[in-house]
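Comments concern the structure below.
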Amino acid sequence: MPNLIPVYDPRGVVEAAPRVISPRVKKLDGLRVGLLDNTKWNANKLLRGVRDRLAAAHALGGTNYYRKESFAAAAVPALLDRIAAENDIVLTAIGD
Amino acid sequence: MGKTDIIDAPSPALGTQVPEGTDLIEWYYEHGCSDGLPVVPPVPGKIAEAIAALGGEPGRLVARVPPRWGGLTREVLAINMVMAGCRPEYAPVVEAAMLALCEAPFNLNGVQATTHMASPLLVVNGPVRGAIGMNAGCNVFGSGNRANATIGRALRLILLNVGGGWPGLLDKSTLGHPGKYTYCIAENEEASPFAPYHVERGYRAEDSTVFVLAAEPPHSVTNHFANDARGVLDSVCSAMSTICNNNAVSAGHCAVVLGPEHAATIAKSGWKRHDIRHYLWAHSGNRWGDLYGNGRYGKVYNRNLPVWYKREPDARTPIVPSPDNIHLFVAGGEAGRFSAFIPGWGHMSSPVLRGIAGAQPKVGPECVDGTCAV
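The listed protein sequences correspond, in order, to chains Y and E.
Mapping the first sequence onto numbering that gives the first Met the number 0, position 2 (from 1) lands on 1, and the numbers just tick up by one.
Mapping the second sequence onto numbering that gives the first Met the number 0, position 374 (from 1) lands on 373, and the numbers just tick up by one.
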């Protein structure tokens with residue numbers, strides 16, 4: 000049995016509680032769809048195109064469009080709360 | 000330095016042990032804890048020395064490093080320093096640099112994750128440069144100096160290991176750049192005819208500071224013919240005025256590093272830091288129409304640029320919004336008529352200047368090179 004030596008972990012501990020992903024929806028009919036534009040160059044075109052295709056294929060309960068202040072920063076909590084309150088599902092995209 | 004007499008013994012991670020004789024270089028490769036180069040195995044004695052240089056208290060949290068938000072304790076910092084090849088006396092510089100990187104305006108979360116190639120550039124000022132043997136001279140951005148190389152590497156290892164900026168996972172950079180291995184220099188204050196950078200920004204000459212900028216690689220500026228400030232700086236302006244560096248389309252901050260020969264020529268004209276930064280700002284930039292294909296792709300607004308930029312085909316578009324957004328350094332060898340322009344990432348990240356060992360900028364009138372701002 001060889002002697003054992005310690006090795007040291009350079010990664011540090013992540014103190015964050017894991018969060019469960021919301022249940023996936025089975026169909027879009029009647030659902031309110033939020034679109035979050037991250038303000039990248041082509042996010043607007045991409046998301047509006049997706050929105051139009053979804054609206055043509057499903058009887059959506061409505062669509063709402065939102066924009067982050069900066070593509071390089073997280074959306075502010077107030078905007079996230081508003082999106083959560085006004086929609087059933089949300090789409091976002093980079094559109095670089 | 001904050002050295003203490005008590006050396007805290009580091010604690011092995013999660014009780015992991017391996018048989019004596021295990022090739023630890025290969026072990027760290029296998030566990031994904033390298034930047035691609037072999038790491039120095041972090042053995043207890045070396046870790047303890049680095050912790051002591053940080054002031055002891057191995058469990059003390061220095062910062063949480065995004066986007067993984069791993070906890071950077073003094074012990075974890077020390078482990079990464081040893082792996083990078085740092086000597087213990089580099090600890091105050093590495094710690095101050097990590098604190099600077101984790102200040103909110105720097106937006107390290109974005110810098111780590113962006114598709115752009117930006118990597119943090121670290122510039123060190125003050126007496127600590129000499130105390131730890133940093134290179135501010137010949138080949139300053141290149142290889143050959145342990146302090147420059149391993150301090151920059153320690154930052155990268157922390158960004159990888161603690162911050163989780165692994166290429167392809169949380170680091171989405173399309174190309175990256177060589178400074179993602181190490182990107183650390185010192186200002187050549189001794190060869191500079193101007194006040195040091197940190198003095199211009201309100202610190203005392205005897206203070207030591209770190210400056211971090213999310214930066215593209217240096218772009219060489221060659222000028223062997225000019226014998227006055229304008230001639231040299233017109234070449235720097237030319238390097239700044241490309242339509243495809245990130246400042247051109249996203250504003251923000253940039254750095255200019257003057258080689259000592261160029262700096263001497265500029266100083267001979269009687270120009271100071273203030274004059275240089277304002278000249279560079281006033282005489283660089285692009286024609287708005289050139290930035291966006293002269294209308295070939297329709298009208299472009301570009302909300303990444305300040306609202307007060309004129310969006311007309313022949314309007315001049317500044318490289319950065321203000322002369323204060325040009326961060327000026329003198330560095331490099333004393334022979335050679337070269338300088339460098341270093342574009343930043345853009346408005347998405349602001350550079351941070353931070354004192355080492357608690358140094359704070361002085362209050363009151365700012366006096367640089369004999370001129371005091373009221």
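Glycine included, every Cβ here is placed at the ideal spot set by N, Cα and C.
Predicted, not measured: the structure shown is a model, and the values here were computed from it.
Cβ neighbour criterion (16 or more within 10 Å) applied to residue i
{"i": "Gly354/E", "result": "buried"}
{"i": "Val209/E", "result": "buried"}
{"i": "Asp4/E", "result": "With a pLDDT of 39 at Asp4/E, under the threshold of 50, the modelled position of that residue is not reliable, and the figure given next carries that caveat. Asp4/E should be labelled exposed."}
{"i": "His261/E", "result": "buried"}
{"i": "Lys45/E", "result": "buried"}
{"i": "Trp307/E", "result": "exposed"}
{"i": "Asp36/Y", "result": "buried"}
{"i": "Arg23/Y", "result": "exposed"}
{"i": "Ile88/Y", "result": "exposed"}
{"i": "Leu13/E", "result": "At Leu13/E the pLDDT is 47, less than 50, meaning the model places this residue with poor confidence and gives no usable figure here."}
{"i": "Arg128/E", "result": "buried"}
{"i": "Lys298/E", "result": "exposed"}
{"i": "Gly1/E", "result": "Unreliable placement is indicated for Gly1/E, whose pLDDT of 37 sits below 50; no coordinate value is reported for it."}
{"i": "Ser283/E", "result": "buried"}
Beta-carbon gap between residue i and residue j smaller than 9 Å
{"i": "Pro119/E", "j": "Ala254/E", "result": "no"}
{"i": "Leu23/E", "j": "Val64/E", "result": "no"}
{"i": "Phe105/E", "j": "Pro350/E", "result": "yes"}
{"i": "Gln111/E", "j": "Leu3/Y", "result": "no"}
{"i": "Gly251/E", "j": "Met347/E", "result": "yes"}
{"i": "Leu34/Y", "j": "His57/Y", "result": "no"}
{"i": "Cys183/E", "j": "Glu333/E", "result": "no"}
{"i": "Glu19/E", "j": "Pro1/Y", "result": "yes"}
{"i": "Arg310/E", "j": "Arg286/E", "result": "no"}
{"i": "Leu78/Y", "j": "Val32/Y", "result": "no"}
{"i": "Leu121/E", "j": "Leu98/E", "result": "no"}
{"i": "Ala103/E", "j": "Leu53/E", "result": "no"}
Closest by C-alpha distance to residue i, when choosing among the options
{"i": "Arg295/E", "options": "Met116/E, Asn303/E and Pro312/E", "result": "Pro312/E"}
{"i": "His277/E", "options": "Ala228/E, Pro104/E and Val248/E", "result": "Ala228/E"}
{"i": "Ala339/E", "options": "Asp34/E, Val235/E and Ser142/E", "result": "Val235/E"}
{"i": "Val81/E", "options": "Val92/E, Ala112/E, Pro43/E and Pro126/E", "result": "Pro43/E"}
{"i": "Gly258/E", "options": "Arg286/E, Ala281/E, Cys366/E and Val139/E", "result": "Val139/E"}
{"i": "Arg59/E", "options": "Ser283/E, His197/E, Arg67/E and Leu76/E", "result": "Leu76/E"}
{"i": "Met116/E", "options": "Gly357/E, Cys366/E and Ile341/E", "result": "Ile341/E"}
{"i": "Phe328/E", "options": "Leu98/E, Pro18/E and Ala135/E", "result": "Ala135/E"}
{"i": "Gly11/Y", "options": "Arg67/E, Trp344/E and Ala266/E", "result": "Arg67/E"}
{"i": "Ala74/Y", "options": "Leu30/Y, Lys44/Y and Thr38/Y", "result": "Thr38/Y"}
{"i": "Gly331/E", "options": "Gly55/E, Gly54/E, Cys85/E and Asn187/E", "result": "Asn187/E"}
{"i": "Asp206/E", "options": "Ala95/E, Asn245/E and Asp34/E", "result": "Ala95/E"}
Cβ-Cβ separation, residue j to residue i (assumed contact under 8 Å), whole Å
{"i": "Leu159/E", "j": "Trp165/E", "result": "6 Å"}
{"i": "Ala83/E", "j": "Arg152/E", "result": "4 Å"}
{"i": "Leu290/E", "j": "Ala356/E", "result": "Contact flag wrong, Cβ pair sits at about 44 Å."}
{"i": "Leu304/E", "j": "Met239/E", "result": "Wrong, their Cβ atoms sit about 15 Å apart, outside the cutoff."}
Beta carbon proximity, residue i to chain C, threshold 9 Å
{"i": "Asn108/E", "result": "Judged by its chain identifiers, the structure shown contains no chain C, and its protein chains are Y and E."}
message: Closer than 8 Å between beta carbons: that is the criterion. Which residues of the segment 28 to 59 of chain Y meet it against chain E?
response: Thr38
query: Which residues, in chain order, does the segment 14 to 29 of chain E contribute to contact with chain Y at a C-beta distance below 9 Å?
result: Gly14, Thr15, Gln16, Val17, Pro18, Glu19, Gly20, Thr21, Leu23, Trp26 and Tyr27
task: Anything in the segment 6 to 23 of chain Y with a Cβ closer than 7 Å to a Cβ of chain E? List those residues in chain order, please.
output: Flagged, chain order: Val6, Tyr7, Asp8, Pro9, Arg10, Gly11, Val12, Val13, Glu14 and Ala15.
Chain E contacts made by the segment 71 to 83 of chain Y, where a contact means CB separation under 7 Å: Ala71 and Ala72
field: Near-chain Y residues of the segment 273 to 304 of chain E (beta-carbon distance less than 8 Å), N- to C-terminal order
entry: Arg302
task: Could you run through the segment 78 to 89 of chain E and flag, in chain order, every residue whose CB is less than 9 Å away from some CB of chain Y?
output: Ile78, Asn79, Val81 and Met82
- prompt: If contact means a Cβ-Cβ distance below 9 Å, which residues of the segment 323 to 355 of chain E contact chain Y?
  reply: Interface annotation for the segment 323 to 355 of chain E against chain Y: Trp344, Gly345, His346, Met347 and Ser348, criterion Cβ-Cβ distance under 9 Å.
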